[in-house]
Each structure stands twice: as structure tokens, then as C-alpha cells.
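From first to last, the protein sequence lines stand for chains A and B. Residue 466, in the numbering used here, is where the first sequence stops; the numbers in between run on with no holes. Residue 290, in the numbering used here, is where the second sequence stops; the numbers in between run on with no holes. The C-beta atom is built at its ideal place from N, Cα and C for all residues, glycine as well. What you are looking at is a predicted structure, and each value in this text was computed from that prediction instead of being measured. Beneath this line is the structure, given in C-alpha cells, with notes to follow.
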Amino acid sequence: MFEEVASTEQGDLVINIGPQHPATHGVLHLVITLNGETVKKVEPHLGYIHRSIEKMCESLSYRQFIYVTSRMDYLSSHINNHGCAMLVEKALQIEIPSRAQYIRVIMDELTRLASHQLWWGAMAMDIGALTPFFLAFREREMITDIMEETCGARLTMNYMVPGGIMYDIHPDFCKKVKEFIKHFRSKIDEYDELLTGNIIFQNRMKGIGILSKEDAISYGCSGPTARASGVSCDVRKIYPYEIYDQLKFDEVLATEGDSFARYQVRLVEMHQSMNIIEQLIDNIPEGEIQAKTKAVLKLPKGEFYTRIETARGEFGIYVVSEGGTTPYRIKFRSPGFSNLSALDHIVRGHKIGDMVAIMGTLDLVIPDIDR
Amino acid sequence: MFLKEYIKDVWGAISSLLKGMKLTGYYFMHHNKEAITEQYPDNRKTLKMADRFRGEVVMPHDENNEHACTGCTACELACPNGTIKIITKMEPTPEGKKKKAIDTFVYRLELCTMCNLCVEACPTGAIKMDQTFEHSVFDRRLLTKKLNKPDSKVREGVE
């Protein structure tokens with residue numbers, strides 16, 4: 096790092112954005128080399144919110160380590176918990192009841208909607224539009240209310256347990272979800288009216304921050320960031336888990352790879368998530384919500400890997416077990432880290448104002464990057 | 132031709148801005164109908180949390196000052212953060228034998244992440260999640276709580 100800074104040419108300016116800066120959405124530290132207003136290089140410095148979650152998990156049992164993962168990507172905490180629960184089920188070959196599967200998928204898609212809504216508001220705020228932030232939070236509030244009623248918490252639900260879900264859905268759940276879908280279908284057009292069509296927004300987004308398909312693959316990007324570059328990487332389609340293989344939904348792809356494509360992919364994904372929920376909400380089967388599991392879970396000796404599609408991309412959990420009650424080693428593959436690594440490549444040559452817009456469309460969650 | 136394109140672009144740009152302004156204007160004029168803001172400290176009396184909202188762990192006692200905790204430490208083992216500590220004692224039963232009973236159920240609110248694993252683990256349903264959420268105090272020691280009330284004992288028949 097010091098060598099690189101020393102090698103800057105005469106007239107270059109090295110500035111720090113973060114760790115405390117509103118545009119980085121958390122404690123991300125970016126060291127930017129500028130030539131005039133043009134970005135020459137971006138160096139992300141991590142570690143400001145490192146909580147050593149992977150090491151902590153080594154001392155927690157297979158029931159306990161699930162709750163910690165909601166502290167990583169807190170906007171899709173439900174999906175992280177789901178992935179961890181799936182890993183334990185896969186390793187112990189637990190067959191989970193279909194009612195639990197349906198509820199899990201509905202909850203996942205609700206979380207994805209809430210996450211994309213927050214991204215939409217926060218990204219617009221990065222660009223300089225404040226109204227979308229309030230509109231996005233208005234709709235997101237309905238989802239957090241549903242979560243609070245059924246799961247008992249608004250953000251870090253810890254609703255998934257190995258073998259199913261913690262408790263049954265609230266009696267009002269189906270009614271409220273249907274109400275929300277109806278409400279949001281009418282309100283999502285406002286999103287387009289307010290922001291997507293706006294000429295200032297379009298000029299700041301179109302053709303800015305182009306990530307080619309090859310680069311997206313080589314940097315390991317996933318989720319909407321990679322799908323906007325034309326990489327087909329939706330885990331729900333490629334390696335279907337739970338009941339995703341029985342559902343009708345499209346993998347949203349774009350070819351441009353610029354900021355506007357990333358924006359559009361996420362907006363269309365919201366429609367797809369609503370389609371998925373509508374397919375499921377009337378057909379939740381009756382029955383058990385939890386498979387019978389032992390009080391103390393012991394994974395067999397070996398290595399296990401599970402992947403799941405969070406709102407930001409592919410989240411992977413890798414566990415090495417020695418046959419005990421706690422994992423020997425846990426590694427999380429977080430989508431945010433790989434997406435951040437492409438930032439330097441995308442931003443080079445753009446103006447510093449565009450950098451904030453590009454970071455907004457990458458949808459970074461810093462605790463997910465640092466863990 | 133160039134002028135035509137130019138005027139078209141300018142008109143498109145202005146109309147897109149007006150479209151957005153119209154929406155903002157609608158919300159500005161209908162703020163009474165559309166506002167969803169809750170006036171939090173003022174609406175304390177009417178504010179009702181969801182039944183399952185996880186605010187803190189409590190131990191319900193019945194009218195005879197009896198609870199259902201046998202001191203099996205299942206919740207202590209289930210807790211990922213070391214929030215719960217159960218101190219047990221040996222109590223003489225009427226038959227002259229000695230029986231294990233809880234002395235103190237220590238609950239440290241500042242360590243608790245409200246993950247609900249202790250409530251799930253409890254075999255007798257002795258603890259539950261309460262819906263209170265205003266936990267701020269001036270002294271950190273006040274966050275370490277004793278959940279079983281003084282002179283309380285285990286309900287008859289709870290094993």
C-alpha cells in the first residue's frame with residue numbers, strides 16, 4: 096500500500112473516503128488516487144467492523160451459530176440463516192416438512208423485497224435524491240411489521256432452525272402478505288415515475304460503470320451485479336433448493352453491465368419476488384413445521400458446502416467438521432466482498448461523483464464484507 | 132433535423148422532471164392521508180407491540196409466587212452468549228430428601244441478542260419473551276437481573 100501511494104505521479108491527489116462517510120453505507124475506508132476529478136485508483140481498506148464471526152462460530156454449536164450470521168448481511172439476515180440451517184440439514188440428511196419449506200421461501204422472498212427496497216432508497220440518496228428514501232422505507236415498514244408479527248424481530252429474526260422453522264406463522268400472516276403485495280404492486284410504479292424516468296438520474300446512470308461479462312466472472316461477482324452483465328448465476332435456478340424448482344419465475348438478466356442495468360435488474364427482481372410469493376401464499380400446505388431432530392446436533396466427519404441466493408448474490412457456507420458438536424472451521428463466502436473487489440476496475444477513469452453512484456448500484460453491505 | 136431532436140430531448144427531460152414533481156407534489160398536498168409516521172414517545176400509551184416481539188427474557192410467576200424452573204440449565208447451555216447463569220441449591224423436601232432447586236436465575240440483558248433459543252430449549256416453559264423494549268438505564272449493573280422473585284419456589288408437579 097505504501098509503495099503504491101508513493102508511486103503516485105506529480106499532481107495526483109490521494110484522498111480518503113470513510114471510514115465514517117455516509118456514501119459508503121458503513122465503515123468502509125476507500126483510499127482514492129485522483130487526477131483532477133478523475134479517479135485513477137481505488138483501494139478499499141477493510142477491517143473496521145471485523146468481529147471475527149468465523150472464529151466465533153468455531154465455539155458455537157450447530158444450533159447456536161445460525162443467529163450470528165444475521166449480523167453479517169443484516170439486510171438479508173433471513174436468507175443467511177436459511178443457508179446455515181440448510182447446511183446442517185444437508186449434512187445430517189434431515190428431510191424438512193413441506194409447510195416449513197413453503198414458509199421459508201416466502202420469508203426469503205419477503206426479505207429480498209425488503210432488501211431491494213432499502214437499496215433503492217439508499218442508492219437514490221447517494222445520487223442526491225432524498226424523496227425515494229422515504230418512499231422505500233414506507234413500503235419496507237410493512238414487511239418489517241409482518242416479520243415482527245411472525246418472527247418476533249424486525250431485522251435479526253433468527254427464525255430458521257435446523258429441521259424447519261422456529262414457530263408457526265401468525266394467523267394474520269397470509270392476509271397481511273396479500274395486502275402488502277397488492278399495495279406494493281400499485282406503489283412500485285411510483286418508483287419508476289419518480290426515479291427511473293428522471294433525466295438527471297438516467298444521465299448519471301447510463302453508460303457509467305460498465306462491468307463486462309468476462310470481468311464479472313473473473314472477479315467472482317454474483318447476484319444482480321453479475322446478472323446485469325449477462326452472467327447467469329442465480330442459485331435459485333442453477334442449484335435449486337427447497338421448492339424453487341417447482342416455481343415459475345425468470346432469472347433477470349441484462350447485457351449492458353452499466354449502473355442503469357444493475358438498477359433495472361434489481362427493480363425487475365422485485366416484481367419476480369412478488370410473483371413467487373403470489374404463487375405460494377395461497378397454497379401453504381398444512382402439517383408439521385419442524386422435523387424431529389436430536390437435542391444435540393453432531394455433524395459427521397467431513398466437509399460441507401451450501402450455497403444460497405441472498406439479495407446481494409451467492410452466499411456460501413463451508414464447514415469442516417471433525418464429528419463433534421462444534422465446527423472445526425467455518426468459512427463464509429459473502430457476496431459483498433467479491434462485488435467490492437470489482438469496484439476498482441469499474442471506477443477507474445470515471446469522475447469521483449460517479450464513483451458514489453457506482454458504489455450505490457453495487458449494493459454493498461459492509462458488515463457482510465468484513466464479517 | 133438537429134433542432135428537432137434537440138427540442139425533443141429538452142421536452143422529454145422537462146416532462147420527466149415534471150412527472151416526478153407531480154408525485155412529490157401529491158404527497159406534499161396529501162400529507163394528512165399518506166403520512167405513516169408514528170409519534171413515538173407521545174404514543175406510548177396506545178403503542179402495542181406484536182405478541183411475539185422479543186424484548187427481554189422473563190420468568191412468569193403465578194399468584195402463589197411459584198414458577199416452573201427446575202434448574203436444569205438447558206437454557207444456559209442453549210444460550211450462545213453466556214447471557215444466562217443458573218445458580219442452584221439443594222432444598223430439603225417434606226419427605227426428608229434433598230432436591231435440586233434454583234437459587235438465582237441470573238439474566239444479563241446487556242449480553243442478550245434476543246435469539247429465542249433459551250425459550251425454545253426450556254422443557255418446562257418456565258421462561259418466555261416479554262414485549263418491553265425500553266431498556267436503557269443509567270447504571271450498567273441494573274442490566275444484570277434476577278429473574279426468580281424472592282421466596283418463590285417451583286410449582287408442584289413440574290419435573
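Do residue j and residue i come within 7 Å of each other at the CB atom, strictly closer than that value?
i	j	result
residue 449 of chain A	residue 303 of chain A	yes
residue 238 of chain B	residue 276 of chain B	yes
residue 221 of chain A	residue 451 of chain A	yes
residue 258 of chain A	residue 388 of chain A	yes
residue 413 of chain A	residue 400 of chain A	yes
residue 278 of chain B	residue 240 of chain B	no
residue 218 of chain B	residue 234 of chain B	yes
residue 404 of chain A	residue 329 of chain A	yes
residue 233 of chain A	residue 167 of chain B	yes
residue 183 of chain B	residue 247 of chain A	yes
residue 289 of chain B	residue 255 of chain B	yes
residue 358 of chain B	residue 264 of chain B	Look at the range of chain B in this structure, 132 to 290, and you will see that residue 358 of chain B is not part of it.
residue 211 of chain A	residue 365 of chain A	yes
residue 193 of chain A	residue 395 of chain A	no
residue 143 of chain A	residue 114 of chain A	yes
residue 244 of chain A	residue 265 of chain A	yes
residue 408 of chain A	residue 318 of chain A	yes
residue 384 of chain A	residue 195 of chain A	yes
residue 140 of chain A	residue 124 of chain A	yes
residue 373 of chain A	residue 154 of chain B	no
residue 337 of chain A	residue 199 of chain A	yes
residue 459 of chain A	residue 197 of chain A	no
residue 134 of chain A	residue 447 of chain A	yes
residue 406 of chain A	residue 207 of chain A	yes
If I follow the unbroken alpha helix (DSSP H) through residue i, where does it start and stop?
i	result
residue 154 of chain A	Careful: residue 154 of chain A lies outside any alpha helix (DSSP H) and carries neither H nor E.
residue 299 of chain A	294-300
residue 238 of chain B	Unbroken run through residue 238 of chain B is the beta strand (DSSP E), 229-239; no alpha helix (DSSP H).
residue 164 of chain B	162-165
residue 463 of chain A	461-465
residue 125 of chain A	Residue 125 of chain A -> not in any alpha helix (DSSP H); beta strand (DSSP E) instead, spanning 124-130.
residue 207 of chain B	205-209
residue 332 of chain A	330-333
residue 261 of chain B	Per DSSP, residue 261 of chain B belongs to no alpha helix (DSSP H); it is in the beta strand (DSSP E), 259-261.
residue 275 of chain B	That residue, residue 275 of chain B, is in no alpha helix (DSSP H); its beta strand (DSSP E) goes 275-277.
residue 345 of chain A	No alpha helix (DSSP H) contains residue 345 of chain A, which DSSP labels as neither H nor E.
residue 266 of chain B	Segment: none, residue 266 of chain B is in no alpha helix (DSSP H) and carries neither H nor E.
residue 175 of chain A	172-187
residue 229 of chain A	226-246
residue 467 of chain A	No statement about residue 467 of chain A is possible, as the shown extent of chain A runs from 96 to 466 and does not include it.
residue 386 of chain A	It is not in any alpha helix (DSSP H) - residue 386 of chain A carries neither H nor E in the DSSP assignment.
Note the first and the last residue of the continuous beta strand (DSSP E) segment covering residue i.
i	result
residue 361 of chain A	Segment 354-376 is the alpha helix (DSSP H) holding residue 361 of chain A; no beta strand (DSSP E) there.
residue 114 of chain A	Looking at the DSSP string, residue 114 of chain A is not in any beta strand (DSSP E), and its letter there is neither H nor E.
residue 416 of chain A	409-416
residue 207 of chain A	No beta strand (DSSP E) holds residue 207 of chain A; the alpha helix (DSSP H) holding it covers 193-222.
residue 134 of chain A	133-140
residue 280 of chain A	Premise fails: residue 280 of chain A lies in the alpha helix (DSSP H), 268-286, not in any beta strand (DSSP E).
residue 402 of chain A	397-404
residue 221 of chain B	215-223
residue 189 of chain B	187-189
How close, in whole Å, do the beta carbons of residue i and residue j come, if the pair is a contact with beta carbons under 8 Å?
i	j	result
residue 307 of chain A	residue 352 of chain A	6 Å
residue 138 of chain A	residue 126 of chain A	4 Å
residue 253 of chain B	residue 210 of chain B	With a Cβ gap of about 11 Å, residue 253 of chain B and residue 210 of chain B do not count as contacting.
residue 293 of chain A	residue 151 of chain B	5 Å
residue 315 of chain A	residue 433 of chain A	4 Å
residue 331 of chain A	residue 347 of chain A	In fact, because the Cβ distance is near 11 Å, the residues do not count as touching under 8 Å.
residue 392 of chain A	residue 183 of chain A	6 Å
residue 250 of chain B	residue 258 of chain B	6 Å
residue 464 of chain A	residue 429 of chain A	7 Å
residue 204 of chain A	residue 371 of chain A	5 Å
residue 191 of chain A	residue 390 of chain A	Actually they are not in contact, since the Cβ atoms of residue 191 of chain A and residue 390 of chain A sit about 18 Å apart, beyond 8 Å.
residue 120 of chain A	residue 217 of chain A	6 Å
Taking only runs that begin and end inside the stretch 419-454 of chain A, name each unbroken alpha helix (DSSP H) of 4 or more residues, in chain order.
430-436 and 438-442
Can you list, in chain order, the residues of the stretch 243-254 of chain A whose Cβ is nearer than 8 Å to any Cβ on chain B?
243, 244, 245, 246, 247, 248, 251 and 253
Please name the residues in the stretch 289-312 of chain A whose beta-carbon is closer than 7 Å to at least one beta-carbon of chain B, in chain order.
289, 292, 293 and 294
Quick one, which residues of the stretch 208-237 of chain A are near chain B if we go by CB-CB under 7 Å, in chain order?
226, 233 and 236
Runs of beta strand (DSSP E) lying entirely within the stretch 303-331 of chain A, each at least 3 residues, in chain order:
none
Against chain B, which members of the stretch 133-157 of chain A pass a CB distance test of less than 7 Å?
155
When you check each C-beta in the stretch 259-276 of chain A against every C-beta of chain B, which residues fall closer than 8 Å?
261, 262 and 265
Any C-beta of chain B within less than 7 Å: which residues of the stretch 356-380 of chain A qualify?
none
Residues of the stretch 239-265 of chain B in Cβ contact with chain A at a cutoff of 9 Å, in chain order, please.
244, 245, 246, 247, 248, 251, 252 and 260
Quick one, which residues of the stretch 181-193 of chain B are near chain A if we go by CB-CB under 9 Å, in chain order?
181, 182, 183, 184 and 185
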